[in-house]
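Working notes, beginning with the structure itself.
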Amino acid sequence: MRRQGLKPPGAFVRLSEAYRQQPSRWGPLLTTVIILCLVSFIHWAGGHLNPYQVRILNLIGINIGLGLSLNLINGFTGQFCLGHAGFMAVGAYTATLLMMPPAVKQMNFFMVPLVAPLRQVELPFLAALLLGGLLSALMGVFIGAPVLRLRGDYLAIATLGFSEIIRIVITNIRSVTNGALGLKGIPAYTDLWWSWGFALLTLVVVSRLIHSSYGLAFKAIREDEIAAEAMGVGLFRHKMLAFTLGAFIAGVGGGFLASLLTTIDPNMFRFTLTFEILLIVVLGGMGSITGTVIAATIVTVLKEVLRGVEAPMDLGFVSLPGIPGMRMVIFSLLLIVVVLFYREGIMGRRELSWGRVLGTRDKTPDRGADT
Amino acid sequence: MSLLHLQGVGKKFNGLTAVSDFNLSMESGELVGLIGPNGAGKTTVFNLITGVHKPTEGRIVFKGEDITGLRPDLITRRGIARTFQNIRLFSKLTALENVLVANHLRLRSSPVEAVIRLGRYRSEEREMIGYSRSLLEAVGLAHVAGEQAGSLPYGQQRRLEIARALATRPSLLLLDEPAAGMNPVEAQELMDFIRQIRQEFDLTILLIEHHMRVVMGICERILVLDYGVTIAQGSPADIQKDQNVISAYLGVETDA
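Chains as they are written, first to last, in my numbering: chain A, 158 to 528; chain B, 211 to 466.
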């Protein structure tokens, strides 16, 4: 055992300077290059790709943001929550009601009129999105306070229940949400700049939080709650932080989705929606930001590619009628296979960092490196 | 005034009395041993002090403040740190990250500052990393800082757990069987190590241990628990002669 005199904390500040890691000189430069590439690609794509392709790219961007928000709660903090569709519904409806022009609102609410204060409101897209996110985060606080004291299966069941409650409430308060009829003619503000801006901003925020001391506290809670608490990590406070931030991002993502699809109804926010995002998280790797980005891309593209299996098929000897929902069967099988044989997902808990790519990564945790 | 004072502390799990009427006063700088046969309630005492369990009776006073039934993380903030009988490291995190987590309680920057990486957060983080690395060096683990904690050999895991506890900057350290599973040479090393950290970090230590050589070697005062009851206390020499202790460990001789 090495003997070394430890001096009072003041001395460590000086000592720590010696240990300070040399930030990679290439990292920031490469990150800038990648962002510039992305920006020019979006600029190019806007004019050259057809609307269908643009729509898929939009979906990828939104799904990256949504996947990251769920991964923050499920993957990094280890709190298995299944209420994402609920948060997205809150965000989508709030944003929609705030940004929809009064004339369109009047057309939508022909059965039961919309309540007075909302009738004349028309906010800019960004403000509507943020308010949707905030309301969703507020829901997160209300739900999280009782529910985050539960663990494992119970937490999953309780959040699932909450998400269903939200959906049923939305179906029934017709004077606000137009009930089962849904809302149509939502202004289509979502374009590649918005959706990929959302993806990138979420990526930066989640990645920086995860690589900070707070992120470490999240992971400690995931690894061992008792030990984390014994080391002074307030369990409730940190779970709440992850949960609320996740709910906020989900709410904003819901708003983007509403504006992309231009129509929403309560049935859209069934458990299947949570399942789709969960699929992205599990497939990419619970606790990997890179994995979520990759899996969001794969799942979104695959969903379009697999449209073929739902169409009527003529196999020569037998012709099958189109079976709607066939894609979800394939995705479910995929999830089963991943969980059985490839539990870690694509990336496990690994991340792609510049250090790793360039092979200069030393064995110290790369703090703050961009993925 | 004593640093830690337990007064008539007891814990019942439904009908089962795990600990009853436990009294202990520890002065600053003391090294006290807590021994007793399996199931005597030693770890329960630790769990009561650190807030994992709430005592059903009695009071626990630390630095003049009543901490009875406080949440574990709040107790740790007040300066009590512990290790666990069955090592509870964050096994998928690296050795350095394990120690870093225990610095988190001193972080003053908000999550927003941590995301934006303002100057204050940066300097706090730098200080935390520096302190953690120097702790790892002090326990002789600097060379494995980047290794996954779960992949370290047993002895190193034990030391890492102590380093992690030290990172919370405690004034009272509770060690739950630190020498468990160690051979005599390792146990001897551990004793030296405990003495060393006690001096360098100005610690008061309460120690649960089965290794009699370790307990007798470094503790100034020993408490013996059996079936939740304190059956003896005193200097190692007294304890070794105590008839109650001998019968608790070896059984009572009955006349045929």
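Beta carbons are placed, not taken as given, at the ideal position from N, Cα and C, and that holds for glycine. Every value quoted in this text rests on a predicted model; they were computed, and no experiment measured them.
Cut-off 7 Å between Cβ atoms - residues of its own chain near residue i, not counting five sequence neighbours on either side
{"i": "A/Gly235", "result": "Ile378 and Arg379"}
{"i": "A/Ile454", "result": "One detail in the question is off: residue 454 of chain A reads as Thr in this sequence, not Ile. The answer, listed in chain order, is Ile217."}
{"i": "A/Met483", "result": "Val466 and Glu467"}
{"i": "A/Arg506", "result": "Gly442, Gly444 and Ser445"}
{"i": "A/Pro180", "result": "Model confidence at A/Pro180 stands at a pLDDT of 48, short of 50, so the residue's coordinates are unreliable; what they give is reported in the following sentence. Nothing listed; no residue qualifies."}
Residues that DSSP places opposite residue i in a beta bridge
{"i": "B/Arg316", "result": "In DSSP, B/Arg316 forms no bridge with anything."}
{"i": "B/Val439", "result": "B/Asp436"}
{"i": "B/Asp276", "result": "B/Val271"}
{"i": "B/Lys221", "result": "B/Val229"}
{"i": "B/Gln358", "result": "B/Thr304"}
{"i": "B/Gly444", "result": "B/Ile432"}
{"i": "B/His215", "result": "B/Ser235 and B/Val271"}
{"i": "A/Leu340", "result": "A/Ile421"}
{"i": "B/Ile290", "result": "B/Leu382"}
Contact set between residue i and chain C, taken where Cβ atoms lie within less than 8 Å
{"i": "B/Leu310", "result": "As a matter of chain content, chain C is missing from the structure shown, whose protein chains are A and B."}
Residue range of the beta strand (DSSP E) that includes residue i
{"i": "B/Glu387", "result": "Element bounds for B/Glu387: n/a, residue is neither H nor E."}
{"i": "B/Glu267", "result": "Glu267 to Phe272"}
{"i": "B/Lys264", "result": "It is not in any beta strand (DSSP E) - B/Lys264 carries neither H nor E in the DSSP assignment."}
Residue i, DSSP secondary structure in three states
{"i": "A/Leu255", "result": "helix"}
{"i": "B/Arg327", "result": "coil"}
{"i": "A/Ser445", "result": "coil"}
{"i": "A/Met504", "result": "coil"}
{"i": "A/Phe266", "result": "coil"}
{"i": "B/Val229", "result": "strand"}
{"i": "B/Ile449", "result": "helix"}
{"i": "A/Leu292", "result": "helix"}
{"i": "A/Val363", "result": "helix"}
{"i": "B/Glu237", "result": "coil"}
{"i": "B/Gln295", "result": "coil"}
{"i": "B/His421", "result": "coil"}
{"i": "B/Val349", "result": "coil"}
{"i": "B/Gly243", "result": "strand"}
{"i": "A/Leu271", "result": "coil"}
{"i": "A/Ile300", "result": "helix"}
{"i": "B/Ser457", "result": "helix"}
{"i": "A/Ile330", "result": "coil"}
{"i": "A/Ala374", "result": "helix"}
{"i": "A/Asp348", "result": "coil"}
{"i": "A/Leu436", "result": "helix"}
{"i": "B/Thr253", "result": "helix"}
{"i": "A/Thr234", "result": "coil"}
{"i": "A/Gly240", "result": "coil"}
{"i": "B/Ala377", "result": "coil"}
{"i": "B/Ser344", "result": "helix"}
{"i": "A/Ser369", "result": "coil"}
{"i": "A/Arg324", "result": "helix"}
{"i": "A/Arg379", "result": "helix"}
{"i": "A/Leu312", "result": "helix"}
{"i": "A/Arg306", "result": "coil"}
Own chain residues within Cβ distance below 8 Å of residue i, not counting five before or after
{"i": "A/Ala313", "result": "Phe237, Cys238 and Leu239"}
{"i": "A/Met257", "result": "Asn265, Glu279, Leu340, Gly342, Ile343 and Pro344"}
{"i": "A/Pro270", "result": "Arg276 and Ser332"}
{"i": "B/Thr304", "result": "Ala355, Gly356, Glu357, Gln358 and Ala359"}
{"i": "A/Val304", "result": "Leu312, Ala315, Thr316 and Phe319"}
Bounding residues of the alpha helix (DSSP H) (the contiguous stretch that carries residue i)
{"i": "B/Thr304", "result": "Note, B/Thr304: premise wrong, no alpha helix (DSSP H); not H, not E."}
{"i": "A/Ala404", "result": "Leu392 to Leu418"}
{"i": "B/Thr414", "result": "B/Thr414 -> not in any alpha helix (DSSP H); beta strand (DSSP E) instead, spanning Thr414 to Ile418."}
{"i": "B/Pro247", "result": "Note, B/Pro247: premise wrong, no alpha helix (DSSP H); not H, not E."}
{"i": "B/Val395", "result": "Pro394 to Glu410"}
{"i": "A/Glu279", "result": "Here A/Glu279 belongs to no alpha helix (DSSP H), and DSSP marks it neither H nor E."}
{"i": "B/Pro282", "result": "Pro282 to Arg287"}
{"i": "A/Pro208", "result": "Pro208 to Asn228"}
{"i": "B/Pro363", "result": "B/Pro363 -> no alpha helix (DSSP H), and no H or E assigned at all."}
{"i": "A/Val196", "result": "Trp183 to His205"}
{"i": "A/Ala384", "result": "Glu382 to Ala387"}
{"i": "A/Ser510", "result": "Looking at the DSSP string, A/Ser510 is not in any alpha helix (DSSP H), and its letter there is neither H nor E."}
Residues near residue i in its chain [Cβ-Cβ closer than 6 Å; skip 5 each side]
{"i": "A/Met470", "result": "Leu477"}
{"i": "B/Ala250", "result": "Leu435 and Asp436"}
{"i": "B/Ala312", "result": "Arg374, Ala377 and Thr378"}
Any non-hydrogen atom of the ligand GTP within 7 Å of residue i CB
{"i": "A/Glu433", "result": "In the structure on display, the ligand GTP does not appear, and there are no ligands present to speak of."}
*Length-filtered (4 minimum) alpha helix (DSSP H) runs lying within the region 446 to 499 of chain A*: 446 to 462, 464 to 467 and 483 to 498
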